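Chemist: Residue numbers (the working numbering): 1199 to 1359.
Backbone N, C-alpha and C define an ideal beta-carbon position, used for all residues, glycine too.
From a predicted model like this one, the values you see are computed outputs, not experimental measurements.
Following this message is one structure expressed as structure tokens.
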């Protein structure tokens, strides 16, 4: 899977929209050549026209505050055009990076081109999750042991031992 995102973790569509809004506002910081601007608009339009909208309920996952949308590896033309668009936006001063990861087992939603998944854990969060899950497992084992000892004592008390 492939995802293009800003340093804040936002997708590249938002960065493209922000850039085009800046151009429409005709700010003096604009460094774009008219040819690049037309190419950015054409690529953005093509990707929007050839990518179906994700249903809003796909982003309402109770276990993830911010699900992410990725391109499937089979969406080669989408990935190629998104790569070109991000290269143009990077030339304009936006910092957009390309991320790749294997396709997960259980997506929240998918179609032929894209897939919505839970946000992957950072290494620090993975370590914390591993640590807390081990503690929870230990607490559960101790609880079962206390219950088992309680049942044994209750049987012993019943039998008069």
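(1) Give me, in chain order, the residues of the same chain whose beta-carbon lies closer than 6 Å to that of residue 1268; leave out the 5 immediate sequence neighbours on both sides.
(2) Check whether the region 1334 to 1351 touches the region 1295 to 1313, counting contact only when three or more Cβ pairs, one atom from each stretch, lie closer than 8 Å.
(3) Is the closest heavy atom of the ligand ADP to the C-beta of residue 1277 under 8 Å?
(4) Contact check, residue 1251 vs residue 1315 under 8 Å by CB: the rounded distance?
(5) Helix, strand or coil for residue 1312, going by three-state DSSP, please let me know.
(6) Apply the 10 Å Cβ neighbour rule to residue 1225 and answer buried if 16 or more other Cβ atoms are within range, or exposed otherwise.
(7) The alpha helix (DSSP H) spanning residue 1275 covers which residue range?
(8) Spatial neighbours of residue 1288 within its chain, please: C-beta separation below 8 Å, excluding the five flanking residues on both sides.
(9) Is it buried or exposed for residue 1286, if we count other Cβ within 10 angstroms and need 16 for buried?
Modeler: Taking the coordinates as given:
(1) The residue you call residue 1268 lines up with position 70 of the chain shown. Within the same chain, residue 1268 has close Cβ partners 1199, 1201 and 1313.
(2) No contact exists between the region 1334 to 1351 and the region 1295 to 1313.
(3) Of ligands this structure carries none, so the ligand ADP is not represented either.
(4) Within the chain shown, numbered from 1, the residue matching residue 1251 stands at position 53. Within the chain shown, numbered from 1, the residue matching residue 1315 stands at position 117. About 17 Å; that fails the 8 Å criterion.
(5) Residue 1312 sits at position 114 when you count from the first residue of the chain shown. Strand.
(6) As a first step, residue 1225 is located in the chain shown; it is residue number 27 there, counting from the start. At residue 1225 the pLDDT is 47, less than 50, meaning the model places this residue with poor confidence; the figure from the coordinates comes in the next sentence. The residue in question, residue 1225, is exposed, as its Cβ has fewer than 16 Cβ neighbours within 10 Å.
(7) As a first step, residue 1275 must be located in the chain shown, where it is residue number 77. Here the alpha helix (DSSP H) through residue 1275 covers 1274 to 1289.
(8) Numbered from 1 along the chain shown, position 90 holds the residue referred to as residue 1288. So the list reads 1294, once near-sequence residues are dropped.
(9) In the chain shown, the residue the question calls residue 1286 occupies position 88. That one is buried.
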